[in-house]
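Undergrad:
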Amino acid sequence: MTSVLSHPNTITERTAGRRHYVMCRPEQFAVTYAINPWMDPAVPVDRDLAIRQWEALRAVYLRLGHRVDLLDPVPGLPDMVYTANGATVVGGVVLGARFRHAERAAEAAAHLAWFRVNGFAHVVEPEFVNEGEGDLLAVGELVLAGTGFRTEPRAHAEAGRVLGREIVPLELVDPRYYHLDTAVAVLDATTIAWLPEAFSAASQAVLRERFPDAVTASPQDAAFLGLNAVSDGRHVVLPAAARDLAAAVAERGFTPVPVEVSELLKGGGGPKCCTLEVRA
Ligand code: ARG
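Going by our numbering, the sequence shown opens with residue 797, and the numbers climb by one from there.
1. Would you give the residue range spanned by the beta strand (DSSP E) that W850 belongs to?
2. Check whether the Cβ of E929 lies closer than 7 Å to any Cβ atom in chain C.
3. Short check: CB of A1037 to CB of P1052, under 7 Å?
4. Is the Cβ-Cβ distance between A917 and A904 less than 7 Å?
5. Taking the straight line between their C-alpha atoms, what separation do you get for A1013 and L991?
6. From which residue to which residue does the beta strand (DSSP E) around L940 run?
7. Mapping the DSSP letters down to three states, classify N926 as helix, strand or coil.
8. From S1027 to A985, what distance separates their C-alpha atoms?
9. Looking at ligand 1, does it come within less than 6 Å of Y878, judged from the CB to the closest heavy atom?
10. Thinking just about the alpha-carbon of each residue, which of P922, G882, R957, E923 is nearest to the one in L938?
11. By a C-beta neighbour count over all protein chains shown, 10 Å radius and 16 as the cutoff for buried, is H803 buried or exposed?
12. Who are the near neighbours of R1077 in its chain, counting only those whose CB is closer than 8 Å to its CB and skipping five residues on each side?
13. Return yes when at least one heavy atom of ligand 1 lies under 6 Å from the C-beta of H975, else no.
14. May I ask whether a heavy atom of ligand 1 can be found less than 6 Å away from the beta carbon of D970?
15. State the DSSP-derived secondary structure class of H1031, mapped to helix, strand or coil.
16. Which residues share a DSSP beta bridge with G892?
17. With distances taken between CB atoms, is the gap from Y974 to N881 smaller than 7 Å?
18. Where L801 and W850 are concerned, what is the direct C-alpha to C-alpha distance, given to the nearest angstrom?
19. Count the other C-beta atoms from every protein chain shown that fall within 10 angstroms of the C-beta of V818, then say buried if there are 16 or more, exposed otherwise.
20. Can you check DSSP and say which residues form a bridge with D865?
Structure, rendered in structure tokens:
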């Protein structure tokens, strides 16, 4: 006689889907300006270590059976490793990005060109500021849309029109969690993990209503951008320092896959920032 209730992991069998990602090797990675509170140009960056951490992340995706395409790094664009900010791709439609800061502006064209060259027929250059999957996160049929620091509210309506999806606008209030993908991790089509304090009271209420079973990140997870995670529906690739979150997702039947991203955190990013998902 076994009690399923005492073994929550056996209740839910999680299934992994094969994913398609775009990444950019951090050959140009550096912290030469500060556009978020994690960046400090006075702190030395070990680019070789960043490259090794990034290679290990890519190797994890390949081992899990995912496809990883590469975008060429461009000299003078040290944040280009964070490909998640360069576009949002849903149902084969590519909504390009428009960056808030001049330092990153030129990344947008590199992404648009990549998608055009790689045969995507529906590529849209946006009118308003949106930082790609940094702030636009597809969850099932919805797109959660962050604002407050980077993406403009007007861009939410634009994203809804272009991508043909219902948008759930959310307001970020803590500059440490300046992109939505630092405050929400999408675990599968109906499950998220989140950091409630990163949102306005009204947005907290929206998320509680839409996702009553959401996993809540701890202060320890938050201190290392633990929510900047990538899930294939079963495996959750997350910063190794986010130990509470790893335990919490494991309790829900997911398989945590910790990766060391300490050097990439110096730019204010983690695994998700380095991973743009292409949804056919
Ligand atoms: N230094 C980059 C910036 O501030 C980090 C971007 C992180 N990317 C992300 N998807 N949150 O824009």
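Just so you know, even glycine gets a beta-carbon here, dropped at the ideal spot from N, CA and C.
TA: If we stick to the structure as given:
1. As a first step, residue 850 is located in the sequence shown; it is residue number 54 there, counting from the start. In the DSSP assignment, W850 falls outside any beta strand (DSSP E) and lies within the alpha helix (DSSP H) extending over 843-859.
2. The chain inventory of the structure shown lacks chain C, comprising one protein chain alone.
3. Position 241 of the sequence shown, counting from 1, holds the residue named residue 1037. Position 256 of the sequence shown, counting from 1, holds the residue named residue 1052. No, these two residues do not count as a Cβ contact at 7 Å.
4. The sequence position of residue 917 within the sequence shown is 121, counting from 1. The sequence position of residue 904 within the sequence shown is 108, counting from 1. No. Outside cutoff.
5. The residue given as residue 1013 occupies position 217 in the sequence shown. The residue given as residue 991 occupies position 195 in the sequence shown. If I take the Cα positions, the gap works out to 5 Å.
6. The sequence position of residue 940 within the sequence shown is 144, counting from 1. Note, L940: beta strand (DSSP E), 938-943.
7. Counting from one through the sequence shown, the residue named residue 926 turns up at place 130. Here N926 carries a strand assignment [DSSP, helix/strand/coil].
8. On the sequence shown, position 231 is the one that residue 1027 refers to. On the sequence shown, position 189 is the one that residue 985 refers to. One Cα belongs to S1027, the other to A985, and the distance between them is close to 10 Å.
9. Walking along the sequence shown from the start, residue 878 turns up at place 82. Indeed, a heavy atom of ligand 1 lies less than 6 Å from the Cβ.
10. Position 142 of the sequence shown holds residue 938. The residue from P922, G882, R957, E923 with its alpha-carbon nearest to that of L938 is R957.
11. What you label residue 803 is simply residue 7 of the sequence shown in a count that begins at 1. Confidence in H803 is poor, its pLDDT being 47 and thus under 50, which makes the residue's placement too unreliable to answer from.
12. The shown model of the chain, from 797 to 1076, leaves out residue 1077, and the question about it has no answer.
13. Within the sequence shown, residue 975 is the residue found at index 179, counting from 1. Placement of the Cβ of H975 at a distance of less than 6 Å from at least one heavy atom of ligand 1 is found.
14. Position 174 of the sequence shown, counted from the start, is the residue given in the question as residue 970. Every heavy atom of ligand 1 is 6 Å or more from the Cβ of D970, so no.
15. By 1-based counting over the sequence shown, the position of residue 1031 is 235. Looking at H1031 - three-state DSSP - the assignment turns out to be strand.
16. Stepping through the sequence shown from its first residue, residue 892 is reached at position 96. Its beta-bridge partners are A883.
17. Position 178 of the sequence shown, counting from 1, holds the residue named residue 974. Position 85 of the sequence shown, counting from 1, holds the residue named residue 881. Not closer than 7 Å, so no.
18. Within the sequence shown, residue 801 is the residue found at index 5, counting from 1. Within the sequence shown, residue 850 is the residue found at index 54, counting from 1. Note on L801: pLDDT 42, under 50, position unreliable in the model; the coordinate value appears next. The straight-line gap from Cα to Cα measures roughly 39 Å.
19. Position 22 of the sequence shown holds residue 818. By the Cβ-count criterion, V818 is buried, with 16 or more other Cβ atoms from all chains shown falling within 10 Å of its own Cβ.
20. On the sequence shown, residue 865 is found 69 positions in, with the first residue counted as 1. DSSP, once it has assigned bridges, lists V818 as partnering D865.
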